[in-house]
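Report on one structure; see the data block that follows.
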């Protein structure tokens, strides 16, 4: 995300994110704070979801960038991405989402949802490790972080890792084509597991929202564990 921050920083110095982002995002924001930028960290509800109103309240005249994860990696809570994107765009800022957990697990329509930039990682969909992808909406111009070549449409210098790129594409197609059948089966297994736990172990609860979450996430609290 760093090249995006530096290319838009000429228009402002303020960014908005949440308190539950992955370290890959949180540590990037920490780095930017050490270099003169300002970041507002929006809290989340007990469900693990971000309130669009809380995001709106965090925006300032100099806000240029908002980054909200599509779905949480601990609770699986799916965020109201489309609603948040509308608020961000009405303010004139860019909207980025970390979709590493959500990609190929729930339908994503970048255009309809108003996403300007979306990042994903191949190892989460059984593809090769060490490769990811960044969706960039038409009209969003970035400055490269690495220089020395015009690879990847001038966005990242260096010889492309063709086998990994092919692997990412194949893994994405395979996971997408099977998404509905696969996620339905995983959801059934998760629900069965949680129902057995809740029915057989007292004082146990599911953390976060019981609905509107990714199929493969289950977070439980066992109150009697010491």
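Numbering (this note's numbering), first residue to last: 24 to 249. The beta carbon of each residue, even a glycine, is placed where N, CA and C say it ideally should be.
Give the C-beta separation of residue i and residue j to the nearest angstrom, bearing in mind that I take them to be a contact with Cβ-Cβ under 8 Å.
i, j, result
"residue 91", "residue 107", "6 Å"
"residue 143", "residue 118", "The pair is not a contact, with the Cβ atoms about 16 Å apart (cut-off 8 Å)."
"residue 138", "residue 109", "Actually they do not touch by this definition, with Cβ atoms about 11 Å apart."
"residue 62", "residue 38", "5 Å"
"residue 239", "residue 209", "5 Å"
"residue 65", "residue 78", "6 Å"
For residue i, count neighbouring Cβ atoms within 10 angstroms of its own Cβ and tell me buried if that reaches 16, exposed if not.
i, result
"residue 182", "exposed"
"residue 203", "exposed"
"residue 121", "buried"
"residue 245", "exposed"
"residue 75", "buried"
"residue 216", "exposed"
"residue 226", "exposed"
"residue 194", "buried"
"residue 50", "exposed"
"residue 116", "buried"
"residue 224", "exposed"
What is the DSSP secondary structure of residue i, reduced to helix, strand or coil?
i, result
"residue 101", "strand"
"residue 119", "strand"
"residue 26", "In this predicted model, residue 26 has a pLDDT of only 49, less than 50, meaning its place in the structure is not dependable enough to derive any value."
"residue 56", "helix"
"residue 163", "coil"
"residue 37", "strand"
"residue 239", "coil"
"residue 110", "helix"
"residue 43", "coil"
"residue 62", "strand"
"residue 78", "helix"
"residue 251", "As displayed, the chain neither begins before 24 nor continues past 249, which places residue 251 out of reach and without an answer."
"residue 216", "helix"
"residue 232", "coil"
"residue 89", "strand"
"residue 48", "helix"
Next item on the list: Report yes or no: do the segment 63-71 and the segment 39-48 share at least 3 C-beta pairs separated by less than 8 Å?
Entry: Yes: the two stretches touch, three or more of their Cβ pairs being nearer than 8 Å.
Note to self: Three Cβ pairs or more, each shorter than 8 Å: is that satisfied between the segment 164-171 and the segment 219-235?
What the structure shows: Judged by Cβ distances under 8 Å, the segment 164-171 makes no contact with the segment 219-235, as fewer than three pairs qualify.
Item checked: Inside the segment 122-182 only - beta strand (DSSP E) runs reaching at least 3 residues -> Correct list: 140-144, 155-159.
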